[in-house]
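K.L.:
Sharing a structure here in structure tokens format.
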Amino acid sequence: MCGIFAYKGKRNATKTVFEGLKKLEYRGYDSWGMAFKKQGKIQTIKKVGKIAEFNKKIPENADYAIGHTRWATHGKVNEKNAHPQLSNNKKIAVIHNGIIDNYMKIKNILMGKGYNFKSQTDTEVIPNLIQENMKKSSFREAVKKSLKTMEGSFAIVAISQDSNEIIAAKKMSPLVLGINDNESFVSSDVAAFLSYTDKAIIMDDNEMAVIDEDIEIINLKENKKITKKAKSIGMNYEEAEKGGFKHFLIKEISEQEESIMRAINQDREFIENISKQIDNAFGVFFVSCGTSYHACLSASYLFSKIVKKHVNVVLASEFINYKHFLTENTLVIAVSQSGETADVLDAVRTAREKNSRIISIVNVPGSSLTRISDEVIPMNAGQEVSVLSTKSYTSQLAILTLIAYACAGKYEKGLGLIRKSAYYIKKIISNDRKKIKSLAKKLKDKRDIFIIGRGLAFPSALEAALKIKEVSYIHAEGLAGGELKHGTLALIEEGVPVIVISTSDSEANIENNANEIKSRGGFMIGFNSHESNIYDYFIKIPSLENMEPLITIVPIQLLSYYLALYRKCDPDKPRNLAKSVTVR
Ligand code: F6R
Numbered sequence: 100m101c102g103i104f105a106y107k108g109k110r111n112a113t114k115t116v117f118e119g120l121k122k123l124e125y126r127g128y129d130s131w132g133m134a135f136k137k138q139g140k141i142q143t144i145k146k147v148g149k150i151a152e153f154n155k156k157i158p159e160n161a162d163y164a165i166g167h168t169r170w171a172t173h174g175k176v177n178e179k180n181a182h183p184q185l186s187n188n189k190k191i192a193v194i195h196n197g198i199i200d201n202y203m204k205i206k207n208i209l210m211g212k213g214y215n216f217k218s219q220t221d222t223e224v225i226p227n228l229i230q231e232n233m234k235k236s237s238f239r240e241a242v243k244k245s246l247k248t249m250e251g252s253f254a255i256v257a258i259s260q261d262s263n264e265i266i267a268a269k270k271m272s273p274l275v276l277g278i279n280d281n282e283s284f285v286s287s288d289v290a291a292f293l294s295y296t297d298k299a300i301i302m303d304d305n306e307m308a309v310i311d312e313d314i315e316i317i318n319l320k321e322n323k324k325i326t327k328k329a330k331s332i333g334m335n336y337e338e339a340e341k342g343g344f345k346h347f348l349i350k351e352i353s354e355q356e357e358s359i360m361r362a363i364n365q366d367r368e369f370i371e372n373i374s375k376q377i378d379n380a381f382g383v384f385f386v387s388c389g390t391s392y393h394a395c396l397s398a399s400y401l402f403s404k405i406v407k408k409h410v411n412v413v414l415a416s417e418f419i420n421y422k423h424f425l426t427e428n429t430l431v432i433a434v435s436q437s438g439e440t441a442d443v444l445d446a447v448r449t450a451r452e453k454n455s456r457i458i459s460i461v462n463v464p465g466s467s468l469t470r471i472s473d474e475v476i477p478m479n480a481g482q483e484v485s486v487l488s489t490k491s492y493t494s495q496l497a498i499l500t501l502i503a504y505a506c507a508g509k510y511e512k513g514l515g516l517i518r519k520s521a522y523y524i525k526k527i528i529s530n531d532r533k534k535i536k537s538l539a540k541k542l543k544d545k546r547d548i549f550i551i552g553r554g555l556a557f558p559s560a561l562e563a564a565l566k567i568k569e570v571s572y573i574h575a576e577g578l579a580g581g582e583l584k585h586g587t588l589a590l591i592e593e594g595v596p597v598i599v600i601s602t603s604d605s606e607a608n609i610e611n612n613a614n615e616i617k618s619r620g621g622f623m624i625g626f627n628s629h630e631s632n633i634y635d636y637f638i639k640i641p642s643l644e645n646m647e648p649l650i651t652i653v654p655i656q657l658l659s660y661y662l663a664l665y666r667k668c669d670p671d672k673p674r675n676l677a678k679s680v681t682v683r
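Residue numbers (our numbering): 100 to 683.
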């Protein structure tokens, strides 16, 4: 995780980096910092807390600047551990995203040479290693040499008092260059510089960029200069702005009618070809994490129901355990909003080693996952800024649903049902918002919330629990209705809230489970199409063949948002979390 932003050019460098970092805060927000060159000297500013809350003046008139917003991996959250990290002679500053696996080894060698370390970070070895290597070479050669020593996955940006260059390099962590007339940007993602330019060079692993008046790109493996053309990104700046909404979360929840419509606006032949590959594969694996995993799990129920096809749904972090089942006839479908989730990338690399075919469903264009896949289905959700996946979840689900219908030979029918769902979602958002807000008020002081569902509604229960807990910090647990009696029922007592999600197929069985809870005093909340006197609170969900997972999650996203507001939690930046999980 962590966000990197650097700038060299005609604008006010520190201010530009400060603004860039604000846009990257979703990647980490426990502390932030900046290094800049001013009057020939490297200077730094480092702070604990969110950058958006910093209201003092930042220094101006710098020649260029590099900045970082941190999601702690090595060392506590404090100013010492915030980036940039400086070399002992204070002439080199480095910001870094990722992990240097062999940093202890490097640190011990440097300590043996008399270097002191002030932070607990792995990053601090980098400027010191560069300082050591600069004894015999120029800044750029010293960075090159240092990169050869460093193991792990990382993106770094370095500056030196003895040079006018900004040097950026990457190995398995994202880094993009933004290109405009007489100015250059380095960033962890394109969105942070979209307001200045939409022209970007996406850096590949083992590449180093030297930014001065021009940009030079060096392939580190072959130690030679390469030419890479800047390309237009195809994302627009407005998507990344709040547009009148108080928080990105509510903005992104509210735009799901449009994002779902964009998600299914695919080339029919392309989707049908993918469905053929699913049909012909000897083993299909859906691989993903978190919310994306829930979308895959939900889709697997649909594949079973309408295609009668078994697909394996595996958490990316567990995928390594399945590698013995992979062959060149296996199809792996990797689903990721960011396209940068380290666990997903590892899983795909594992599949690559076995020559399996990789299709990915990704939201962020140009992300690492798009570049290691054989084929990419764009999610088209638009930029998702809130750390919570909302519109990306419904886009993933819409695409997977469309593929399932294509596999069943019913592409048009699938398309029609998804379109209708998008319309229902819009209605729910405008008609039920008040009722959902009142429900949040009732639930705001509860310690636990349980969510049950059966069949297609079971993955929705898991996703509902994830949304509630990650943003409101109320303990929420999603489970299959049938599982209650196997343990969790012991926690149900007077007033414990239980949300019951159902689909038309599971109505009767889930009502039995609801009765079991009701008789133990549970506060029953129904999110379904069939009103019943079991429920103490009821949100009606339109009944639409197999589409309930797509529709039901939206009012629960709204509930999560209002719970966060009532509990004074930040809806866009939940504690300890980051949007792009680039660590293992
Ligand atoms: C939850 C959430 C996470 C992500 C997970 C995977 O709201 O956002 O659980 O779904 O970190 O991220 P991607 O889809 O980027 O691979």
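All C-beta atoms in this analysis are idealised placements derived from N, C-alpha and C, irrespective of residue type, glycine included. The structure presented is a predicted model; accordingly, all values stated were derived computationally and were not measured.
Does the structure place the region 305-319 close enough to the region 255-270 that three or more beta carbon pairs sit under 8 Å?
P.N.:
They touch, by the three-pair rule.
K.L.:
If we count the other Cβ atoms within 10 Å of its Cβ and call it buried at 16 or more, is I325 buried or exposed?
P.N.:
By the 10 Å Cβ count, I325 comes out exposed.
K.L.:
Determine the direct distance from the alpha carbon of V447 to that of D76, and round the result to whole angstroms.
P.N.:
No answer is possible for residue 76: the residues shown for the chain start at 100 and end at 683.
K.L.:
Under 6 Å from any heavy atom of ligand 1, by CB: list those residues in chain order, please.
P.N.:
For ligand 1, the selected residues are C388, G389, T390, S391, S435, Q436, S437, T440, V443, L487, S488, L565, E569 and V680.
K.L.:
Classify E706 as buried or exposed, calling it buried when 16 or more other Cβ atoms lie within 10 Å of its own Cβ.
P.N.:
Any property of residue 706 remains undetermined from this structure, which presents the chain solely from 100 to 683.
K.L.:
Taking the CB atoms as reference points, tell me whether A677 and G127 lie closer together than 9 Å.
P.N.:
Yes, the pair counts as a contact, with Cβ atoms nearer than the cut-off.
K.L.:
Is the number of C-beta pairs between the region 461-472 and the region 642-649 that are closer than 8 Å three or more?
P.N.:
The region 461-472 vs the region 642-649: no contact.
K.L.:
Among the residues of its own chain, which have a CB less than 7 Å from the CB of G170, if the five just before and after it don't count?
P.N.:
It is worth fixing the name first, because residue 170 is Trp in this sequence and not Gly. The answer, listed in chain order, is M100, C101, R126, G127, D129 and A677.
K.L.:
Whose CA, out of L561, Q436, P183 and Q495, lies closest to the CA of K136?
P.N.:
Selected option, being the one with the closest Cα: P183.
K.L.:
Suppose the cutoff is 7 Å on Cβ atoms and the five residues either side in sequence are ignored; what does the same chain contact list for T113 look like?
P.N.:
Excluding sequence neighbours, T113 sits near M133, F135, I157, P158, E159, A161 and A164.
K.L.:
Please report the straight-line C-alpha distance between N372 and D366, rounded to a whole angstrom.
P.N.:
Going from the Cα of N372 to the Cα of D366 covers about 10 Å.
K.L.:
For V176, count neighbouring C-beta atoms within 10 Å of its own C-beta (all shown protein chains included) and say buried if the count is 16 or more, exposed if not.
P.N.:
So V176 ends up on the exposed side.
K.L.:
Starting from the C-beta of S491, find all residues in its chain whose C-beta is less than 7 Å away, skip the five residues before and the five after it, and write them out in chain order.
P.N.:
So the qualifying residues of the chain are Q436, N462, M478, A480 and E483.
K.L.:
Is the beta carbon of I352 less than 9 Å from the beta carbon of Y660?
P.N.:
Closer than 9 Å, so yes.
K.L.:
So, is N428 buried or exposed, given that buried needs 16 or more other C-beta atoms within 10 angstroms?
P.N.:
Exposed, by the Cβ-count rule.
K.L.:
Give the DSSP bridge partners of M271, in chain order.
P.N.:
Paired residue(s): F253.
K.L.:
How long is the line joining the alpha carbons of N215 and I316, rounded to whole angstroms?
P.N.:
So the alpha carbons of these two residues sit roughly 32 Å apart.
K.L.:
Does the region 387-394 touch the region 544-552, meaning 3 or more C-beta pairs lie closer than 8 Å?
P.N.:
With a cut-off of 8 Å, the region 387-394 and the region 544-552 do not count as touching, because too few Cβ pairs lie within range.
K.L.:
Roughly how far, in whole angstroms, is the beta-carbon of V285 from the beta-carbon of I310, given that I think they are within contact range, below 8 Å?
P.N.:
Rounded, the Cβ-Cβ distance is 7 Å, consistent with contact.
K.L.:
Alpha carbon to alpha carbon, what distance is there between Q355 and A241?
P.N.:
So the two alpha carbons sit approximately 49 Å from each other.
K.L.:
I'd like to know whether the C-beta atoms of L649 and I524 end up nearer to each other than 9 Å.
P.N.:
Cβ atoms of L649 and I524: closer than 9 Å.
K.L.:
Considering only residues of the same chain and omitting the five flanking positions on each side of G119, which have a CB-CB separation below 6 Å?
P.N.:
The residues are F104 and A291.
K.L.:
Kindly list the residues whose CB is nearer than 7 Å to the CB of S259, restricted to its own chain and excluding five residues on each side of it in sequence; keep chain order.
P.N.:
If we look at S259 and ignore the five residues flanking it on each side, its Cβ neighbours are K190, I191 and F238.
K.L.:
Could you tell me which residues DSSP puts in a beta bridge with E474?
P.N.:
Note: E474 sits in a beta bridge opposite I458.
K.L.:
If you drop the 5 nearest sequence neighbours on each side, which residues of the same chain put their C-beta closer than 8 Å to that of S262?
P.N.:
Excluding positions up to five away in sequence, the list reads S237, F238 and R239.
K.L.:
Buried or exposed, going by whether 16 or more other CB atoms sit within 10 Å of the CB of E321?
P.N.:
E321 is exposed by the Cβ-count criterion.
K.L.:
Does DSSP put L414 in a helix, in a strand, or in coil?
P.N.:
DSSP places L414 in strand when its eight states are reduced to three.
K.L.:
Keeping to the same chain, check which residues put their C-beta closer than 8 Å to that of K328; ignore five residues upstream and five downstream.
P.N.:
Closer than 8 Å at the Cβ level, and outside the excluded window around K328, lie I300.
K.L.:
Along the chain, where does the beta strand (DSSP E) that runs through V431 open and close?
P.N.:
It spans L430 to S435 - the beta strand (DSSP E) in which V431 sits, taken as one unbroken run.
K.L.:
Run through DSSP, which three-state label would M646 get?
P.N.:
Of the three classes helix, strand and coil, the one that applies to M646 here is coil, per DSSP.
K.L.:
Inspect the beta-carbon positions of A254 and L274 and report whether they are closer than 9 Å.
P.N.:
Cβ distance < 9 Å, so A254 and L274 count as in contact.
K.L.:
Going by DSSP, name the residue or residues bridged to G382.
P.N.:
G382 is not bridged to any residue.
K.L.:
For the alpha helix (DSSP H) containing L209, list its first residue and its last residue.
P.N.:
Y202 to G211 is the extent of the alpha helix (DSSP H) around L209.
K.L.:
Taking Cβ to Cβ, would you say C506 is nearer than 9 Å to I609?
P.N.:
No, the Cβ-Cβ distance between C506 and I609 is not below 9 Å.
K.L.:
Is the separation between the beta-carbon of S397 and that of V410 shorter than 9 Å?
P.N.:
Taking 9 Å as the Cβ cut-off, S397 and V410 do not qualify as a contacting pair.
K.L.:
Could you tell me the boundaries of the alpha helix (DSSP H) in which I609 lies?
P.N.:
Looking at the DSSP string, the run of the alpha helix (DSSP H) that includes I609 is E606 to K617.
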